[in-house]
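Colleague: Chains as they are written, first to last, in our numbering: chain Z, 1 to 242; chain A, 1001 to 1240.
There's a structure below that I have some questions on.
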C-alpha cells in the first residue's frame, strides 16, 4: 500500500496540469450555487440552512461526477500509459485506490469551494453548524459513491465518451430508484408490496443522502456509500486484471 | 538472468505466441527479430508482467513473473513500444514520478536518480518542457530514461530505435552497448542492420515460434554470401 501515494499525487496534480480542473471547478461552483439561488430559493427561504444547496447535488452529480471520472482509466488505455503504469512495481489494487482517491479528493475540493455560502449564512443569521457539516460530509460521501461507478465504467473502455455515457446511465438508475415517482409506480401500477418498494429504494443515492441534509448521520447511510465504493472498486480491479 | 519457458498467449483463435523458450545471460544483448505481428511485443509484455501468459512462464533473476509480478517489475526496466508517457507532465516531473514509484522517495535520492537518467539520455535541454511538446526522438529518450532510472539489471526494450533519425539511432545503440556489460538486454527490432551493430545474439520469431536462436555470425553462416534480409526472409517466409 506504500505505492498509493505517488499514484495519488500524480493523478491529483494532473488535474491542474490541464484546463480540466479549472473548467470543472468553475462549472461545478456556478451550477451548484446558481441552482441554490434561483431554483432552491437560498435567500427567499429566509432560513439559515444550506438545504437548498445540497438538495440539487444528487442531480448535479449525475453529469459532473462522470465528467470528472471518465478519464481515470480510459485515457491511460487510449494513450498506452496503462502499459507503463502496470510494468512499474505496483499492484492493480494500489493503482485503482490511488487514482480513485485522487479523483475523490478533487471532487471534495470542488464541493468545499462553496465555503462562502456557509460564511454568508453565519453573517446573516445563526445557522446550525452540525447540519451544515453533516450536509458536506454526506455530499462528499455520495460523490465518492458516484465516482466508484465512474471509475469502473472508465476501466471498461478506452473511449471516454462511452465511459461518460455508461456512467451517467448507471447513476441515473441509482438515483431514480429512490424517487417517490418510482416507488409509486412499483406499489401502485405494478401492485408490489410497500416493503419491496422500500427495499429497492434502499439502493438509491437519494434515500441515503436525504438524512445527511437534515443533519442526521446514520451509520447505515455511511455504510451504504462505503460499500458501494468498495464494491465498484473491487470490480474495477477485476476489470483491469484480465 | 532471464529465463523464458514455453510462453503461450492466444487472442481469440489466433495463437500470438506459441511456446517461446530462451534464456538471456548477463552481458548479452539479445536481438529479438521477426515480421510485424510475429509475437515479439506480446512475448515482451509477458516477460514484463503486463500480460498474463496462458501457459509457460518467465523468470527474472530466479523470480517467476506469474508468481510475484511486482518483484519482477522492480528488477526490470521496460521501454514499451512507442514510449508512452504522460503528455501533460514535464520531463522532470515524469521522471520524478517514476523515481517515487521506484522507491526513491527522499528528495535528494529522487533528484540524484532523475539527474543520472537525464544525463545518460542527454535530456538536459528539455528537462523543464512538457512531454507533449517534444519531438519523437526526445520522447523516445524519455522512455529510455524512465526504463534506466533505477539502474535495472534487466532491460526489455520494444523497438527502441523506431522512428529515430540515423544520428539518434546511433546514439541509442551506443548507449545500449555501453551499459550492456553488467546487464541482460532484450531488444526487439525489425531493422536487421541493428542486429549487426549491437547484438551478440539473435532470436528470430515467426508466427509465434522461435525459428532461430544463435549468434549473428552463425546466422550469417546459414547461407554464405547471402545478405541478412535474405536469410530473414527464408526463415520467416510462412509469415506473410
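Glycine included, every Cβ here is placed at the ideal spot set by N, Cα and C.
Roughly how far, in whole angstroms, is the beta-carbon of residue 1154 of chain A from the beta-carbon of residue 1075 of chain A, given that I think they are within contact range, below 8 Å?
Modeller: Start at 1 with the first residue of the second chain, and residue 1154 of chain A comes out as number 154. Start at 1 with the first residue of the second chain, and residue 1075 of chain A comes out as number 75. That pair is a contact at about 6 Å.
Colleague: Have a look at residue 70 of chain Z and residue 134 of chain Z and give me their C-alpha separation to the nearest angstrom.
Modeller: Taking the first residue of the first chain as 1, we reach residue 70 of chain Z at position 70. Taking the first residue of the first chain as 1, we reach residue 134 of chain Z at position 134. Between residue 70 of chain Z and residue 134 of chain Z, the C-alpha separation is close to 28 Å.
Colleague: So, is the C-beta of residue 1074 of chain A closer than 7 Å to a C-beta in chain Z?
Modeller: As a working note, residue 1074 of chain A is residue 74 in the second chain. Interface residue, yes.
Colleague: For the stretch 147-164 of chain Z and the stretch 70-85 of chain Z, state whether three or more C-beta atom pairs, one from each stretch, are separated by less than 8 Å.
Modeller: Cβ pair count under 8 Å is three or more, so yes.
Colleague: Please list the terminal residues of the continuous alpha helix (DSSP H) segment that includes residue 153 of chain Z.
Modeller: Counting from one through the first chain, the residue named residue 153 of chain Z turns up at place 153. Start and end: 129-156.
Colleague: Can you grab the Cα-Cα spacing for the pair residue 1209 of chain A / residue 1051 of chain A, in whole Å?
Modeller: Within the second chain, residue 1209 of chain A is the residue found at index 209, counting from 1. Within the second chain, residue 1051 of chain A is the residue found at index 51, counting from 1. Looking at the two C-alpha atoms, the distance is approximately 18 Å.
Colleague: Taking only beta carbons into account, state which residues of the stretch 69-84 of chain Z come closer than 7 Å to chain A, listed in chain order.
Modeller: Those residues of the stretch 69-84 of chain Z that come within reach of chain A (Cβ to Cβ, closer than 7 Å) are 79, 80, 81, 83, 84.
Colleague: From residue 49 of chain Z to residue 221 of chain Z, what does the alpha carbon distance come to, in whole angstroms?
Modeller: Residue mapping note: residue 49 of chain Z aligns to position 49 of the first chain, counting from 1. Residue mapping note: residue 221 of chain Z aligns to position 221 of the first chain, counting from 1. Distance between the alpha carbons of residue 49 of chain Z and residue 221 of chain Z is about 21 Å.
Colleague: With DSSP run on the structure shown, which of helix, strand or coil describes residue 1173 of chain A?
Modeller: The count along the second chain starts at 1 and reaches residue 1173 of chain A at position 173. Here residue 1173 of chain A sits in helix by DSSP.
Colleague: Take residue 1083 of chain A and list the residues in its own chain whose beta-carbon comes closer than 7 Å to its own, dropping the five residues that flank it on each side.
Modeller: Here the question's residue 1083 of chain A lines up with position 83 in the second chain. Excluding sequence neighbours, residue 1083 of chain A sits near 1139, 1140, 1142, 1143.
Colleague: Since residue 1100 of chain A meets chain Z, which of its residues come closer than 7 Å, beta carbon to beta carbon?
Modeller: Along the second chain, read from residue 1 onward, the residue named residue 1100 of chain A stands at position 100. By Cβ distance, chain Z contributes 6.
Colleague: Listing by chain order, which chain Z residues have their CB less than 9 Å from the CB of residue 1088 of chain A?
Modeller: Taking the second chain and counting its residues from 1, the one referred to as residue 1088 of chain A is at position 88. Under the 9 Å cutoff, chain Z gives 14, 17, 18.
Colleague: Mapping the DSSP letters down to three states, classify residue 106 of chain Z as helix, strand or coil.
Modeller: Counting from one through the first chain, the residue named residue 106 of chain Z turns up at place 106. Note: residue 106 of chain Z maps to helix in three-state DSSP.
Colleague: Answer yes if the stretch 11-20 of chain Z comes into contact with the stretch 95-107 of chain Z, meaning at least three C-beta pairs across the two stretches below 8 Å, and no otherwise.
Modeller: Because the criterion of three Cβ pairs below 8 Å is met, the stretch 95-107 of chain Z and the stretch 11-20 of chain Z touch.
Colleague: Where are the alpha helix (DSSP H) runs, 4 residues long or more, that stay fully inside the stretch 1189-1239 of chain A, in chain order?
Modeller: Whole alpha helix (DSSP H) segments, 4+ residues: 1192-1198, 1216-1221, 1228-1235.
Colleague: Measure how close the beta-carbons of residue 53 of chain Z and residue 117 of chain Z come, nearest whole angstrom, since I'm counting them as under 8 Å.
Modeller: By 1-based counting over the first chain, the position of residue 53 of chain Z is 53. By 1-based counting over the first chain, the position of residue 117 of chain Z is 117. Right, their Cβ atoms sit about 6 Å apart.
Colleague: Excluding sequence positions up to five away, which residues of its chain have a Cβ less than 6 Å from the Cβ of residue 1121 of chain A?
Modeller: The count along the second chain starts at 1 and reaches residue 1121 of chain A at position 121. Excluding residues within five positions, the ones whose Cβ falls inside 6 Å are 1141, 1144, 1145.
Colleague: So, is the C-beta of residue 66 of chain Z closer than 7 Å to a C-beta in chain A?
Modeller: Position 66 of the first chain, counted from the first residue, corresponds to residue 66 of chain Z. Not one chain A Cβ lies under 7 Å of residue 66 of chain Z.
Colleague: Counting only Cβ-Cβ distances shorter than 7 Å, please list the residues of the stretch 85-114 of chain Z near chain A, keeping chain order.
Modeller: Cβ contacts with chain A come from 86, 87, 88, 89, 90, 91.
Colleague: Give the residues from the stretch 1034-1055 of chain A that approach chain Z closer than 8 Å (Cβ to any Cβ), ordered along the chain.
Modeller: Under the 8 Å Cβ criterion, the stretch 1034-1055 of chain A contributes 1045, 1048, 1049, 1050, 1052.
Colleague: Go through the stretch 1091-1128 of chain A residue by residue and report every complete run of the alpha helix (DSSP H) that reaches 4 residues or more, in order.
Modeller: Listed in chain order, the complete alpha helix (DSSP H) runs (minimum 4 residues) inside the stretch 1091-1128 of chain A are 1091-1101, 1107-1120.
Colleague: Does the ligand PLP have even one heavy atom less than 6 Å from the beta-carbon of residue 1183 of chain A?
Modeller: The model on display carries no ligand, and the ligand PLP is accordingly not part of it.
Colleague: Would residue 112 of chain Z pass as a contact of residue 143 of chain Z if the rule is Cβ separation under 7 Å?
Modeller: For the purposes of this step, residue 112 of chain Z is taken as residue 112 along the first chain, with counting starting at 1. For the purposes of this step, residue 143 of chain Z is taken as residue 143 along the first chain, with counting starting at 1. No, they are not a contact pair.
Colleague: Classify residue 236 of chain Z: buried if its beta carbon has 16 or more other beta carbons within 10 angstroms, exposed otherwise.
Modeller: Numbered from 1 along the first chain, position 236 holds the residue referred to as residue 236 of chain Z. With 16 or more other Cβ atoms within 10 Å, it is buried.
Colleague: Please identify, using Cβ separations under 9 Å, the residues of the stretch 1135-1162 of chain A that lie next to chain Z, in order along the chain.
Modeller: Cβ contacts with chain Z: 1143, 1146, 1156.
Colleague: On the DSSP bridge list, what partners appear for residue 1063 of chain A?
Modeller: Position 63 of the second chain, counted from the first residue, corresponds to residue 1063 of chain A. In DSSP, residue 1063 of chain A forms a bridge with A:1060.
Colleague: Of the residues A:1080, A:1107, A:1019, which one's Cα is nearest the Cα of residue 1044 of chain A?
Modeller: Taking the first residue of the second chain as position 1, residue 1044 of chain A is located at position 44. Of the candidates A:1080, A:1107, A:1019, the one whose C-alpha sits nearest the C-alpha of residue 1044 of chain A is A:1080.
Colleague: Using the rule of at least 16 other Cβ atoms within 10 Å of the residue's Cβ for burial, across every protein chain shown, is residue 1158 of chain A buried or exposed?
Modeller: Residue 1158 of chain A sits at position 158 when you count from the first residue of the second chain. Looking at its Cβ environment, which holds 16 or more other Cβ atoms inside 10 Å, residue 1158 of chain A is buried.
Colleague: Mind listing which residues of the stretch 155-181 of chain Z have their C-beta closer than 7 Å to chain A's C-betas, in chain order?
Modeller: If the cut-off is 7 Å between Cβ atoms, the stretch 155-181 of chain Z has nothing near chain A.
Colleague: Tell me, please, whether the CB atom of residue 1065 of chain A is closer than 7 Å to any CB atom in chain Z?
Modeller: Taking the second chain and counting its residues from 1, the one referred to as residue 1065 of chain A is at position 65. Answer no: the Cβ-Cβ gap between residue 1065 of chain A and chain Z never drops below 7 Å.
Colleague: So with CB distances below 7 Å, who are the chain A contacts of residue 10 of chain Z?
Modeller: Your numbering for residue 10 of chain Z matches position 10 in the first chain. The contacting residues are 1097.
Colleague: Tell me residue 1156 of chain A's beta-bridge partners as DSSP assigns them.
Modeller: For this step, residue 1156 of chain A is matched to residue 156 along the second chain. The partner list for residue 1156 of chain A (beta bridge, DSSP) reads A:1078, A:1186.
Colleague: For a contact defined as C-beta to C-beta under 8 Å, what are the partners of residue 1058 of chain A on chain Z?
Modeller: As a working note, residue 1058 of chain A is residue 58 in the second chain. Residues of chain Z passing the Cβ test: none, with the nearest at roughly 13 Å.
Colleague: Using only CA atoms, which one of A:1013, A:1016, A:1007, A:1027 lies nearest to residue 1182 of chain A?
Modeller: Taking the second chain and counting its residues from 1, the one referred to as residue 1182 of chain A is at position 182. Nearest option by C-alpha distance: A:1027.
Colleague: So, for residue 204 of chain Z: in the same chain, excluding its five sequence neighbours on each side, which residues have a beta-carbon less than 7 Å away from its beta-carbon?
Modeller: Within the first chain, the letter at position 204 stands for residue 204 of chain Z. If we look at residue 204 of chain Z and ignore the five residues flanking it on each side, its Cβ neighbours are 174, 175, 177, 178.
Colleague: Identify whether residue 1011 of chain A lies in helix, strand or coil by the three-state DSSP scheme.
Modeller: By 1-based counting over the second chain, the position of residue 1011 of chain A is 11. Three-state result, residue 1011 of chain A: strand.
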